[in-house]
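Just so you know, the first sequence maps onto residues 1 to 579 in my numbering.
Virtual Cβ for every residue (Gly too), placed ideally from N, Cα, C.
Since we're looking at a predicted model, the values are computed, not measured.
Notes follow the structure.
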Amino acid sequence: MIEILNAEILGFLSNLEDVDEEYLKIIDKKSTTSITDDLKNGHLTSNICMIVASQLKLNPKKLSSDLANKLDSLGIFKKVESAGPGFINVTLKREDFLSTLRIINQQKEKFGESILNSNQKVQIEFVSANPTGPLHVGHGRGAAYGDALARILSATGSNVEKEYYVNDAGRQIDILTASVIMKMHESDNSFFPQNAYKGKYIEDLGKKIEEKDNFNLIIDKSILDNLPKDPEKEIDEIISYLKNHYQANWKTVKDFSLKSIIKDIKNDLRNFNVEFNNWFYESSLGSLDDSKSEISVSINRLEENKQAYKKDGAIWLNTEDSGDDKHRVLVRDDGRATYFASDVAYHKNKIDRGFDEIINIWGADHHGYIKRIESSIEGLGSKKEKLIVKLVQFANLYKDGSKVKMSTRSGEFYSLNDLIEDIGSDAARFYYLSKQADQHLDFDIDLAKSDSKENIFYYIQYAHARIFSLEEKYKGLKSSKNIKKFNLSNIDYIKCDKLIHEISKYPGIVIKSALTYQPHLIIFYLRDLSQIFHSYYNDNHILSEEKDNQEFIINCMSSVRQIISNGLNLLGITPMQKM
RNA sequence: GCGCCUGUAGCUCAGCUGGAUAGAGCAACUGCCUUCUAAGCAGUGGGUCAGGAGUUCGAAUCUCUUCAGGCGCGCCA
């Protein structure tokens, strides 16, 4: 109906003096025709008269009243009024108002889907935690956000591919390998490097490897005694010693540890209801030694495009055009590529795969990194607009009233898996998504477990469960399985109107959530919908209503349940049938 | 110093492509379970939307500025 209304409004405006088509297009963009917040203002509302009036120096009140009269006379709507400073408020005919119920009944779990982004090929890369240990609660937020976003964009017609970038190359993997080896030998020489990873999983990895390959590796005492004091230099020295003296063992430990950790990460994500379509390995980008590798090709092209240059023995990327504050090193003076170089090659690879939109979900601490990646994309001759970086802020975890400390290096942290075991995947996802991703989140585990109204997760689930149970009871009562169609226009029962009005907003919420990349909008909508439902449910005893109304009411209730179910699905949460 | 984010009720937060009296929940107080799930509902009180200036018919929303907080500024990844 909004489209019809808009078309009529534009028709009216085009007949005004001083209005040309160009202008109408601008108006069309700036104005909003939407579902009203409150039923007292009718069903639909438009602010268009105020916008037109301000541009053309007309009286908004007069214009809106003219337009209202015109629209009213068409007979399409039940009532059209001019209100307030110049709003157009439209009351729909009963059957149009109720038509949403019929649509939900037809579309069921598809209700809310649209073709907003039809055929957009979108990639979302998220989590991408270094495979040096288990996922912690910080990663959980990125996982929940990325996955929900993927679901929402899919619902609006995009063809979405979810990808995890595995940093299986570089120094942190060396540190991991050295950590495992040194842990295995800690008891022999009572020494463990300051900067090595320390979690229990390191010990477990060592034990598994010892069970599998009974390898014997002796570390020279004199080496350990002469290590540098600086933690960074100390670990580097150990790495180079182990690599040089125990090449085969090094590879065994490295491969096993990586494989094992990645397997655990996949498993944790599966428990969190997140499945990736693609796992992209940094190592597949190749090395600089191979002139045909993706990483070499990228750097060569940047040089050809005069974006990269040699200076002080290193290769630099000019990133200043895109507003970065300094140039960035791609290849170090010792000939090794930087992490940034890999990332440039990775983004080149993404672009080559032909996505219309590439979404990166990064921790907020990486925000300074955006400009230089954009710059590299431009440098390679592509458009940086294809890249959309969404930042996810840290989540502070609170348990028993105090902050849970987290430190990856020390290995003492509350893992994502701990969280899932503690409160369940659904509640965890819900709370991760309950606030805008780019803002700090205080995650209160006690609240997530509490059974009060403050716990919105249960509040929404409770609405769903109540309706589910009601439907079961109703079916038993009628002993008829399907709710048959009826003539909506004859229903004069109005107590559900507030609910129906709220229901009709759902498709718009999904679209807005997709356009703004904000899953939390769905949560707040579901809470409002649940609130209206609970209120109605308390005031009315449905199963003792008159038969004529009962069927209609159950239909409304089913629609509410369907929407809660659909909405939770977009967040990757399973609705509860019983509580 | 530079960049990004934030500041709304005592607390936790919605609302931000400008629109109608600024909304929820918690906490405080008062009611509602012999009937479909009380993990619920109804009500009362609570606000200089951090401060200031600007843009305009209209600003929590946009611009500038001040203050306060968080994060980031490696030839680390």
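Of the candidates A155, D356 and Q247, D356 places its Cα closest to the Cα of L387. Taking all protein chains shown into account, H139 has 16 or more neighbouring C-beta atoms within 10 Å of its C-beta and is therefore buried. Of all alpha-carbon atoms in T516, E551, M579 and G508, the one lying nearest the alpha-carbon of I563 is that of G508.
Our two residues, I239 and L269, have alpha carbons roughly 31 Å apart in a direct line. DSSP, read as helix, strand or coil, puts Y165 in strand. For D442, the uninterrupted beta strand (DSSP E) run begins and ends at L441 to D444, by DSSP. Around the beta carbon of M182, a 10 Å sphere encloses 16 or more other beta carbons of the protein chains shown; the residue is thus reported as buried. Rounded to the nearest angstrom, the gap between the Cα atoms of M576 and H464 is 7 Å.
Inter-segment contact for the segment 509-523 and the segment 105-124 is present: three or more beta-carbon pairs are separated by less than 8 Å. Its Cα nearest to that of D492, the residue R94 stands out among R94, Y536, S293 and I361.
Taking Q307 as the centre and dropping the five residues before and after it, the same chain places the C-beta of L317, N318 and G379 closer than 7 Å to its C-beta, in chain order.
For G138, the uninterrupted alpha helix (DSSP H) segment begins and ends at V137 to A155.
Along the segment 492-571, the beta strand (DSSP E) does not occur as any fully enclosed run of 3 or more residues. DSSP places V127 in no beta strand (DSSP E); its state is neither H nor E.
The three-state secondary structure of Y246, taken from DSSP, is coil. Nearest C-alpha to I554 among Q436, M50 and K495: K495. Per DSSP, S14 is one residue of the alpha helix (DSSP H) stretching across I2 to S14. The three-state secondary structure of F191, taken from DSSP, is coil. By the Cβ-count criterion, N244 is exposed, with fewer than 16 other Cβ atoms from all chains shown falling within 10 Å of its own Cβ. One thing to note: D324 has its Cβ within 7 Å of the Cβ of R372.
When the five nearest sequence neighbours on each side are left out, the beta carbons in the same chain lying within less than 8 Å of the beta carbon of V331 are those of L288, I299, A314, I315, A337, T338 and A341, in order along the chain.
It is roughly 12 Å from the alpha-carbon of Q461 to the alpha-carbon of N569. For L39, the closest C-alpha among the options M579, Y246, Y459 and K505 is that of K505. Under a 10 Å Cβ-count criterion, G142 is classified as buried, with 16 or more other Cβ atoms of the shown protein chains found around its own Cβ. T100 counts as buried, since no fewer than 16 other beta carbons sit within 10 angstroms of its beta carbon. Within the model, the alpha-carbon separation for P85 versus A428 is close to 45 Å. Going by C-alpha positions, I420 is about 27 Å away from S469. For A68, same chain residues with a beta-carbon under 7 Å away, outside a window of 5 residues either side, are V80, E81, S82 and I88 in chain order. Taking one beta carbon from each stretch, the segment 541-555 and the segment 126-139 have fewer than 3 pairs nearer than 8 Å; the two do not touch.
Boundaries for K62: no beta strand (DSSP E) harbours it, while the alpha helix (DSSP H) harbouring it runs P60 to L74, taken from the DSSP string.
For T32, there is no enclosing beta strand (DSSP E), as DSSP marks it with neither H nor E.
A contact between stretches requires three or more CB pairs, one per stretch, nearer than 8 Å, and the segment 219-236 fails this requirement with the segment 198-209.
Taking the Cα positions, T156 is about 31 Å away from E454.
Between the C-alpha atoms of Q120 and F280 there is a straight-line separation of about 21 Å.
Note on geometry: alpha-carbon atoms of L302 and Q123 lie some 24 Å from one another.
If you look at L176, you'll find it in the alpha helix (DSSP H) that goes R171 to M184.
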